[in-house]
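All you need for my numbering is the position in the sequence shown, starting with 1, plus 1236.
Worksheet: the structure to be examined is printed underneath.
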Amino acid sequence: MKKLVKTASYMAMSAMIALSLAACSDEDDPNPNPNPEPDAQEQALQLVIDDYVNKTVIPTYQGMADASIDLYEACLAMRNAGAGNVTTAMVQTACDHWEKARRYWELSEAWLYGPAADYNIDPHIDTWPLDRTAMENLLNNEQQMNNMDEDGVFISTLGESLLGFHAVEYMLYGQDANGIGTGNPRDVSLYTSQELIYLTAVAGDLRNQCIRLEASWAGMDNVTTEKSNILTELELEPTYDYGEMMCNSGNAGSLWVNYLNAVQELIVGAQDIADEVGGLKIGNPTGHGEEDDPDYIESPYSLNSIEDFTDNIKSIQNAYEGYQGGQNGSPATDDYIQPVDYSLSAYVATLNPDVDANVRDAIQNAIDAIQQMQEPFAQTARDPAYDSINQAAIAACQEVTNALDEVLNLLSNQ
1237 MKKLVKTASY
1247 MAMSAMIALS
1257 LAACSDEDDP
1267 NPNPNPEPDA
1277 QEQALQLVID
1287 DYVNKTVIPT
1297 YQGMADASID
1307 LYEACLAMRN
1317 AGAGNVTTAM
1327 VQTACDHWEK
1337 ARRYWELSEA
1347 WLYGPAADYN
1357 IDPHIDTWPL
1367 DRTAMENLLN
1377 NEQQMNNMDE
1387 DGVFISTLGE
1397 SLLGFHAVEY
1407 MLYGQDANGI
1417 GTGNPRDVSL
1427 YTSQELIYLT
1437 AVAGDLRNQC
1447 IRLEASWAGM
1457 DNVTTEKSNI
1467 LTELELEPTY
1477 DYGEMMCNSG
1487 NAGSLWVNYL
1497 NAVQELIVGA
1507 QDIADEVGGL
1517 KIGNPTGHGE
1527 EDDPDYIESP
1537 YSLNSIEDFT
1547 DNIKSIQNAY
1557 EGYQGGQNGS
1567 PATDDYIQPV
1577 DYSLSAYVAT
1587 LNPDVDANVR
1597 DAIQNAIDAI
1607 QQMQEPFAQT
1617 ARDPAYDSIN
1627 QAAIAACQEV
1637 TNALDEVLNL
1647 LSNQ
């Protein structure tokens, strides 16, 4: 019912815009435009973009930034307790905050354009697979570990494979005798003082980048004083207000020449993550992707791989349809991400209901197919018993890309 209401509102809005444009042309313009539809589409897409930015993109990054602050504070509590005094409950708390921050990050991957790319934040916080050899060499290097400084300056000397979500994950979650993640908190007896300093510094660096993403889309004036002070002190203030620029597409200073251009980037961003999930995240470890790499496993220690993949497709769903609340298996988002009044889905439905239905079905089919996969993915990726399931998920992701191609063609031909 909600979809029908949205579609109806678009139809009424489009009719009103068309009548308004026609009246203006007849009365005021000596050279009336015989084809006002592109202007009508621009105004319709402006509403789409405004909701997309303010109810989907910015709240997603706000949720991630807040969760990353909680994660840092939990790691700081472990460091302050000191080696020998860290409890399993402390590690579990940090794991919980890691999973929450991770969820928001994966729910944002349909829009990795803008600051995530311009400031190199994506590879900085989400390079994987983790360089396990380099990590173990670092942790076993007594001299280097003794030089770990509490303010995190040493972070600048580390490569991206030793930073971000996956470095924190490695330090928080346990492994079995074969090095396979257990999804449970790491044995507290393993933590040294230097490791706790390293963990806290990496978590702090992750926090800083997550806050920068929020401020880059929301604007420095629209984040908390705490967040603003962190960015200012570290000289990480964003150069652009991406949210304002996208909401003002076509105006001077915007990166987008019009709202159609902005929506096209929305769609291509969604296609990029669909291709990455199918062709790389699932494809490479299973031997059915761009490369044959059994170690190309995302989030293997937390056993969060399947959830990562699912949330990536849900990020496409949120971008195209708007947040679906707790329906269809969507996770709760602590009242950050909001349902939209004007979704791209609803607008496309006014142009061609079949195209819209194909996209929505493809997205849901991909979610359903991925959720048939099983953890630990490091084992099931190459298990013949799961090969057909894994290949079905890859194919379903490709169908999302194909369906969105239809939307691109539809909008370009209006």
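Glycine included, each C-beta is placed from N, C-alpha and C at the ideal position.
Here the structure is a predicted model, which is why all the values come from computation and not from measurement.
Beta carbon of residue i nearer than 8 Å to that of residue j
{"i": "A1301", "j": "L1432", "result": "no"}
{"i": "N1373", "j": "Q1430", "result": "no"}
{"i": "L1442", "j": "G1400", "result": "yes"}
{"i": "Y1409", "j": "G1417", "result": "yes"}
{"i": "I1599", "j": "A1629", "result": "no"}
{"i": "H1333", "j": "D1306", "result": "yes"}
{"i": "Q1574", "j": "K1336", "result": "no"}
{"i": "E1450", "j": "Q1298", "result": "yes"}
{"i": "L1366", "j": "Y1406", "result": "yes"}
{"i": "S1485", "j": "A1498", "result": "yes"}
{"i": "C1483", "j": "V1289", "result": "yes"}
{"i": "L1640", "j": "I1503", "result": "yes"}
{"i": "L1647", "j": "L1491", "result": "no"}
{"i": "T1369", "j": "Y1340", "result": "no"}
{"i": "T1522", "j": "R1596", "result": "no"}
{"i": "P1474", "j": "P1351", "result": "yes"}
{"i": "A1303", "j": "T1329", "result": "no"}
{"i": "N1494", "j": "E1278", "result": "yes"}
{"i": "G1440", "j": "Y1308", "result": "yes"}
CB-CB length for residue i against residue j, believed under 8 Å
{"i": "S1397", "j": "S1551", "result": "Going by Cβ atoms, the distance from S1397 to S1551 rounds to 24 Å, so no, they are not a contact pair."}
{"i": "L1539", "j": "E1611", "result": "4 Å"}
{"i": "Y1537", "j": "N1520", "result": "The pair is not a contact, with the Cβ atoms about 18 Å apart (cut-off 8 Å)."}
{"i": "A1632", "j": "A1602", "result": "4 Å"}
{"i": "L1312", "j": "D1508", "result": "That belief does not hold up - the Cβ atoms of L1312 and D1508 are roughly 35 Å apart, past 8 Å."}
{"i": "D1577", "j": "D1287", "result": "6 Å"}
{"i": "E1534", "j": "W1364", "result": "5 Å"}
{"i": "N1626", "j": "I1518", "result": "6 Å"}
{"i": "A1353", "j": "A1555", "result": "Going by Cβ atoms, the distance from A1353 to A1555 rounds to 16 Å, so no, they are not a contact pair."}
{"i": "G1558", "j": "S1579", "result": "4 Å"}
{"i": "V1284", "j": "Y1622", "result": "Not really, about 38 Å apart at Cβ, beyond 8 Å."}
{"i": "G1455", "j": "Q1634", "result": "No, G1455 and Q1634 are not in contact; Cβ-Cβ is about 37 Å, not under 8 Å."}
{"i": "V1322", "j": "Y1427", "result": "5 Å"}
Beta-bridge pairing of residue i - partner residues as DSSP gives them
{"i": "G1417", "result": "Q1411"}
Residue i, buried or exposed, once every other Cβ within 10 Å from all chains shown has been counted against 16
{"i": "P1421", "result": "buried"}
{"i": "L1435", "result": "buried"}
{"i": "V1643", "result": "buried"}
{"i": "S1624", "result": "exposed"}
{"i": "V1438", "result": "buried"}
{"i": "Q1650", "result": "exposed"}
{"i": "L1281", "result": "buried"}
{"i": "A1413", "result": "exposed"}
{"i": "T1546", "result": "buried"}
{"i": "P1589", "result": "exposed"}
{"i": "A1259", "result": "Because A1259 carries a pLDDT of 33, less than 50, the predicted location of this residue cannot be relied on, and the following value inherits that uncertainty. Exposed, since its Cβ has fewer than 16 Cβ neighbours within 10 Å."}
{"i": "Q1553", "result": "buried"}
{"i": "S1425", "result": "exposed"}
{"i": "N1672", "result": "Here the chain comprises residues numbered 1237 to 1650, so residue 1672 is not present and cannot be evaluated."}
{"i": "T1324", "result": "exposed"}
{"i": "P1530", "result": "exposed"}
{"i": "L1510", "result": "The sequence shown places Ala at residue 1510, not Leu. With 16 or more other Cβ atoms within 10 Å, it is buried."}
{"i": "Q1379", "result": "exposed"}
{"i": "D1264", "result": "Interpretation of D1264 is limited by its pLDDT of 44, a score under 50 that renders its predicted location unreliable; the figure taken from the coordinates is listed afterwards. Exposed."}
{"i": "N1444", "result": "buried"}
{"i": "V1459", "result": "buried"}
{"i": "G1489", "result": "exposed"}
{"i": "E1512", "result": "buried"}
{"i": "E1527", "result": "exposed"}
{"i": "N1267", "result": "For N1267, the predicted structure reports a pLDDT of 45, less than 50, and the residue's modelled location is therefore unreliable. A value from the coordinates is still provided. The residue in question, N1267, is exposed, as its Cβ has fewer than 16 Cβ neighbours within 10 Å."}
{"i": "N1269", "result": "In this prediction, N1269 scores a pLDDT of 47, lower than 50, which makes its location untrustworthy; no coordinate-derived value is stated."}
{"i": "S1392", "result": "exposed"}
heavy atom of the ligand SAM below 7 Å from residue i C-beta
{"i": "Y1583", "result": "The model on display carries no ligand, and the ligand SAM is accordingly not part of it."}
Query raised in the report: Curious, which full-length alpha helix (DSSP H) runs of at least 4 residues does the segment 1477-1523 contain?
Result: 1478-1483, 1495-1511 and 1519-1522
Query raised in the report: Along the chain, which unbroken stretches of the beta strand (DSSP E) at least 3 residues long are found entirely within the segment 1313-1344?
Result: none
Requested in this report: Please list the segments of the beta strand (DSSP E) lying wholly inside the segment 1363-1411, counting only runs of 3 or more residues, in order along the chain.
Outcome: 1409-1411
Query raised in the report: Going along the chain, which unbroken runs of the alpha helix (DSSP H) with 4 or more residues stay wholly within the segment 1271-1305?
Result: 1273-1287
Query raised in the report: In the segment 1435-1478, which residue ranges form an unbroken alpha helix (DSSP H) of at least 4 residues, counting only runs that do not cross its ends?
Result: 1461-1470
Report task. Jot down the residue ranges of each uninterrupted alpha helix (DSSP H) in the segment 1531-1573, minimum 4 residues, whole runs only, in chain order. Result -> 1541-1557
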